[in-house]
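**Student:**
Numbering (our numbering), first residue to last: 49 to 183.
(1) Figure out for me which residue from 136, 164, 107 has the closest Cα to the Cα of residue 99.
(2) With DSSP run on the structure shown, which of helix, strand or coil describes residue 127?
(3) What first and last residue would you give for the alpha helix (DSSP H) that runs through residue 175?
(4) Taking the straight line between their C-alpha atoms, what separation do you get for residue 67 and residue 157?
(5) Measuring only the C-alpha atoms, how far is residue 173 from residue 125?
(6) In the DSSP assignment, find the alpha helix (DSSP H) that holds residue 148 and state where it starts and stops.
(7) Can you tell which of 142, 147, 154, 153 has its C-alpha closest to the C-alpha of residue 65?
(8) With distance defined between alpha-carbon atoms, name the residue in 175, 163, 54, 178 nearest to residue 109.
(9) So, for residue 116: in the same chain, excluding its five sequence neighbours on each side, which residues have a beta-carbon less than 7 angstroms away from its beta-carbon?
(10) With distances taken between CB atoms, is the gap from residue 114 to residue 170 smaller than 9 angstroms?
Take a look at the structure:
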């Protein structure tokens, strides 16, 4: 039964990661018109036209989404290993996307700012969820 909780926790954490990022981004787009325009342009054409403050907001959103992913994973799985799995999955995914695929298309500091904090943010989220995890 523990393995199924862990699998469910990882899946739920990944879903939470996506939902939290997009909820924050759409919320900011509703409040900041220019951010919304740049966001729509990104979704329509893939062009990264965000200004530095807008991109910095995205970096904060990615970090908060990773914290949420770790928190949800730990709450469901109740195992540190599941949090490490989701941290690994996210850093592999984000590393492939931002360090290989999008490196020439996005600013270098943005690419690094998405990938580097991901593991630490997921682990923080897992820690915030509680210390009652199985070793």
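Using N, Cα and C, we set each Cβ at its ideal position, and we do this for glycine too.
The structure presented is a predicted model; accordingly, all values stated were derived computationally and were not measured.
**Tutor:** Considering the structure as presented:
(1) Here residue 99 refers to the residue found at position 51 when the chain shown is read from its first residue. Here the closest residue by C-alpha is 107.
(2) Start at 1 with the first residue of the chain shown, and residue 127 comes out as number 79. Note: residue 127 maps to strand in three-state DSSP.
(3) As a first step, residue 175 must be located in the chain shown, where it is residue number 127. It spans 156-176 - the alpha helix (DSSP H) in which residue 175 sits, taken as one unbroken run.
(4) In the chain shown, counting from the first residue as 1, residue 67 sits at position 19. In the chain shown, counting from the first residue as 1, residue 157 sits at position 109. Residue 67 and residue 157: Cα-Cα distance of roughly 24 angstroms.
(5) Within the chain shown, residue 173 is the residue found at index 125, counting from 1. Within the chain shown, residue 125 is the residue found at index 77, counting from 1. One C-alpha to the other measures close to 13 angstroms.
(6) The residue labelled residue 148 in the question sits at position 100 within the chain shown. For residue 148, there is no enclosing alpha helix (DSSP H), since its DSSP letter is neither H nor E.
(7) As a first step, residue 65 must be located in the chain shown, where it is residue number 17. That would be 142, whose Cα lies nearest to the Cα of residue 65.
(8) Taking the first residue of the chain shown as position 1, residue 109 is located at position 61. For the residues 175, 163, 54, 178, the minimum Cα distance to residue 109 belongs to 163.
(9) To locate residue 116, count along the chain shown from 1; it is residue 68. 64, 65, 68, 173, listed in sequence order.
(10) To locate residue 114, count along the chain shown from 1; it is residue 66. To locate residue 170, count along the chain shown from 1; it is residue 122. The answer is yes: Cβ separation under 9 angstroms.
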